[in-house]
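For the record, the sequence lines run as chains L and V. Residue numbering for the first sequence follows our numbering, beginning at 59 and increasing consecutively. Residue numbering for the second sequence follows our numbering, beginning at 37 and increasing consecutively. C-beta: ideal position from N, C-alpha, C; glycine also. Below: one structure, written as structure tokens.
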Amino acid sequence: MADCDYDVVVVGAGPAGLAAACRAAECGRRVAMLDDNPQPGGQIWRGAAKESTQWVRTAKQHGVEWMAGARVFDAPEPQRLAVETFDGECRVGYGSLILATGARERFLPFPGWTLPNVMGAGGLQALAKSGLPLAGKRAVVAGSGPLLLAVARYLRAHDVDVRLIAEQAPQSAVVRFVLSYPRKLVQALTLRAGLIGVPYITSCWPVSAQGREKLESVTLRRADGRTWTEACDYLACGFGLIPNVELAALLGCRMSKAGVEVDEFQETSEAGIFAAGEATGIGGLELSLVEGEIAGYAAGGNPDRAKALFAACASHRRFAAALEKTFALRDDLRNLPLPSTIVCRCEDVTMERVRACSNWREAKLHTRCGMGPCQGRICGGAADFLLGWREESVRPPVLPARVRSLSR
Amino acid sequence: MPQVANSPHMPVASVTVSCNSRFGVLIWRRMADSVTLSVDGAAVTVPAGAMVSAAVAMAGVSQYRRSVSGEPRGPLCGMGICFECRVTIDGRAHSRSCQVVCQSRMEVRTDG
Chain L
59 MADCDYDVVV
69 VGAGPAGLAA
79 ACRAAECGRR
89 VAMLDDNPQP
99 GGQIWRGAAK
109 ESTQWVRTAK
119 QHGVEWMAGA
129 RVFDAPEPQR
139 LAVETFDGEC
149 RVGYGSLILA
159 TGARERFLPF
169 PGWTLPNVMG
179 AGGLQALAKS
189 GLPLAGKRAV
199 VAGSGPLLLA
209 VARYLRAHDV
219 DVRLIAEQAP
229 QSAVVRFVLS
239 YPRKLVQALT
249 LRAGLIGVPY
259 ITSCWPVSAQ
269 GREKLESVTL
279 RRADGRTWTE
289 ACDYLACGFG
299 LIPNVELAAL
309 LGCRMSKAGV
319 EVDEFQETSE
329 AGIFAAGEAT
339 GIGGLELSLV
349 EGEIAGYAAG
359 GNPDRAKALF
369 AACASHRRFA
379 AALEKTFALR
389 DDLRNLPLPS
399 TIVCRCEDVT
409 MERVRACSNW
419 REAKLHTRCG
429 MGPCQGRICG
439 GAADFLLGWR
449 EESVRPPVLP
459 ARVRSLSR
Chain V
37 MPQVANSPHM
47 PVASVTVSCN
57 SRFGVLIWRR
67 MADSVTLSVD
77 GAAVTVPAGA
87 MVSAAVAMAG
97 VSQYRRSVSG
107 EPRGPLCGMG
117 ICFECRVTID
127 GRAHSRSCQV
137 VCQSRMEVRT
147 DG
């Protein structure tokens, strides 16, 4: 694979990345867009959604080069990324860099969560969109956030027997949220209409999953203490989203409480490095698109067109703040893991061993928690919520890479 | 024997980078309707564009790997983050099956 250089490199081909790449290319810049998935569209547009097809067409028309299955694992020198694919590696140079690395689900450990067929909510949907036939299977959708409804609706439309949706947030918060955003109310009602007969239970969460070699049933609890067990083939369970900030951290970008810190032009604390979309804080599709466009125009050298989008951006951010408040995780969930529950799935480190440490660094050194292949991407989100620990430093490679790639 | 799935949401035409193409060169092509690959020695036919993660499940395997303490594990995140779905694909160990598109005659090995 040959090394290459571009004016603008966009990491991530979801909504923010696509919008950024299109706008930067429209400004006349030579643009490359990388993503570790084989197709553009990110998670929300996985499976060639109509909206993504339009953006992909625009990107193609403006000469954006698309690098599929490309993982950025290091930034070995200024303005240069080390990239690995399934069967090769190369260096990609950039004038400006736009990080649109998206978000992942937050997982919380509970007894049985490591059983096969216990997945993320988005995780099960992604697997279904990847070709897994699920028709006739029984699924419980649980966790928190609007994603649960969207996933349940998708599964239902593909003939999955969705037994129930368990939302940990209280009903009062969900109702208040939906009523204060009329456009979202319509969206919510449309989603709900596709879910007639599926109970949407608020103040309810899974406490354990049972099965021998794979999931057979899940036990759920309501805030009032009622507990029952539901037989199912799949548990789709995610407790909201957390931004993917590892690459930004490696590049030295400052973090805010929500994600990568950016100014109004989406520029990070590092000059010439921009961030857009969920990586800067969870805000949903519309905000991701606007942030992507702003970053694209700014990196493309057209700040005036970026400025024209500031107002739209601010309004979407207010919505994001309301979303975060509504689906804030309740304290009861901190009691989900038992002492013997595995927290770090890569190294099989239990809650009692993690809790014996006083911070993330100590846990890593003493128990290997967060030291496996995922590098704490899964247990880090849990440790953040359960123990208030945050990753303090990121070192290359930010993803496991082949020795051949590292030895260049 | 695993069945060919009806998968109306799979794209008929999709962007893939051909295995032999130079990095970054795009090849837009119309793909065949289905591909057959092997999972732990058994032939599995999947819709074109399906990921290896789906093929493994369709082969009836729920344990993609064994954890360091011997527990069975399968996909969790579905998007290349968790590494729970890793398998050996054409001899490449630790490949994330959720991010590799099935190719004809691919050989997949799990711990199942």
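> If you check the beta carbons only, do glycine 148 of chain V and arginine 132 of chain V fall under 8 Å apart?
Replying inline: no
> To the nearest angstrom, how far is it from the Cα of glutamine 433 of chain L to the Cα of valine 456 of chain L?
Replying inline: 8 Å
>> Taking its Cβ as the centre, do 16 or more other Cβ atoms sit within 10 Å of threonine 285 of chain L, making it buried, or is it exposed?
In response: exposed
> At what residues does the alpha helix (DSSP H) containing tryptophan 113 of chain L begin and finish?
Replying inline: 108–119
>> Rounded to the nearest angstrom, what separates arginine 462 of chain L and arginine 149 of chain L at their Cα positions?
In response: 13 Å
>> In the DSSP assignment, the alpha helix (DSSP H) including histidine 424 of chain L goes from what residue to what residue?
In response: 418–425
> proline 111 of chain V to cysteine 121 of chain V, Cα distance in whole Å?
Replying inline: 4 Å
> So proline 73 of chain L is in the beta strand (DSSP E); what residue range does that whole segment cover?
Replying inline: That residue, proline 73 of chain L, is in no beta strand (DSSP E); its alpha helix (DSSP H) goes 73–84.
>> Let me check understanding here. Comparing Cα to Cα, which of L/Gln229, L/Thr425, L/His120 and L/Arg164 lies closest to phenylalanine 443 of chain L?
In response: L/Arg164
>> Taking 7 Å as the limit between beta carbons, can you name the residues of its chain near glutamate 272 of chain L, skipping five residues before and five after?
In response: Glutamate is not the amino acid found at residue 272 of chain L; the sequence shown has lysine there. The answer, listed in chain order, is Leu173, Pro174 and Asn175.
> Name the residues in the stretch 265–281 of chain L whose C-beta lies less than 7 Å from a C-beta of chain V; which are they?
Replying inline: Glu271 and Lys272
> Exposed or buried, phenylalanine 368 of chain L, counting other C-beta atoms within 10 Å across all chains shown (16 or more means buried)?
Replying inline: exposed
> Would you call the stretch 178–194 of chain L and the stretch 214–225 of chain L in contact, with 3 or more CB pairs under 8 Å?
Replying inline: yes
>> Taking DSSP's pairing of strands, which residues face leucine 112 of chain V in a bridge?
In response: None; leucine 112 of chain V has no bridge partner.
> Shortest alpha-carbon distance to alanine 82 of chain L belongs to which of L/Cys295, L/Leu253, L/Gly358 and L/Asp145?
Replying inline: L/Gly358
> Around the Cβ of threonine 326 of chain L, are there at least 16 other Cβ atoms within 10 angstroms (buried) or fewer (exposed)?
Replying inline: buried
>> Distance cutoff 8 Å, beta carbons only. Does arginine 376 of chain L sit that close to anything in chain V?
In response: no
> Is methionine 142 of chain V close to chain L, meaning its C-beta is less than 8 Å from at least one C-beta of that chain?
Replying inline: no
>> Closest to leucine 92 of chain L by C-alpha separation, out of L/Leu76, L/Gln101, L/Arg435 and L/Phe297, would be which residue?
In response: L/Leu76
> Do the stretch 348–358 of chain L and the stretch 60–75 of chain L make contact, defined as three or more Cβ pairs closer than 8 Å?
Replying inline: yes
> Where does leucine 437 of chain L sit, in a helix, a strand or coil, going by DSSP?
Replying inline: Looking at the sequence shown, residue 437 of chain L is not leucine but cysteine. Reduced to three states, the DSSP call for cysteine 437 of chain L is helix.
> Going by Cα to Cα distance, which pick from L/Asn393, L/Val407 and L/Leu309 is closest to glutamate 135 of chain L?
Replying inline: L/Leu309
>> To the nearest angstrom, how far is the alpha carbon of serine 230 of chain L from that of alanine 316 of chain L?
In response: 25 Å
> From threonine 124 of chain V to histidine 130 of chain V, what does the alpha carbon distance come to, in whole angstroms?
Replying inline: 6 Å
> According to DSSP, what are the bridge partners of threonine 277 of chain L?
Replying inline: L/Ser266 and L/Thr287
>> Along the stretch 145–162 of chain L, where does the CB come closer than 8 Å to a CB of chain V? Name the residues.
In response: Asp145, Gly146, Cys148 and Arg162
> Does isoleucine 259 of chain L have its Cβ less than 8 Å from a Cβ in chain V?
Replying inline: no
> When Cβ atoms are compared, which residues of the stretch 405–431 of chain L fall closer than 7 Å to chain V?
Replying inline: Glu405, Asp406 and Pro431
> What is the DSSP secondary structure of leucine 473 of chain L, reduced to helix, strand or coil?
Replying inline: Given a span of 59 to 466 for chain L in the structure shown, any question on residue 473 of chain L remains unanswerable.
> Roughly how many whole angstroms lie between the Cα atoms of alanine 152 of chain L and methionine 429 of chain L?
Replying inline: Looking at the sequence shown, residue 152 of chain L is not alanine but tyrosine. Distance between the alpha carbons of tyrosine 152 of chain L and methionine 429 of chain L: 30 Å.
> Pick from L/Ser266, L/Arg250 and L/Arg460: whose alpha carbon is nearest that of phenylalanine 168 of chain L?
Replying inline: L/Ser266
> So the beta strand (DSSP E) aspartate 362 of chain L belongs to, where does it begin and stop?
Replying inline: Segment 361–365 is the alpha helix (DSSP H) holding aspartate 362 of chain L; no beta strand (DSSP E) there.
> From what residue to what residue does the alpha helix (DSSP H) around leucine 73 of chain V run?
Replying inline: Element bounds for leucine 73 of chain V: not the alpha helix (DSSP H) but the beta strand (DSSP E), 70–75.
> Thinking C-beta only, is phenylalanine 385 of chain L closer than 8 Å to serine 202 of chain L?
Replying inline: yes
> With which residues is isoleucine 259 of chain L paired in a DSSP beta bridge?
Replying inline: L/Ala224
> Nearest to alanine 128 of chain L by alpha carbon, out of L/Pro397, L/Ala90, L/Val401 and L/Leu247?
Replying inline: L/Ala90
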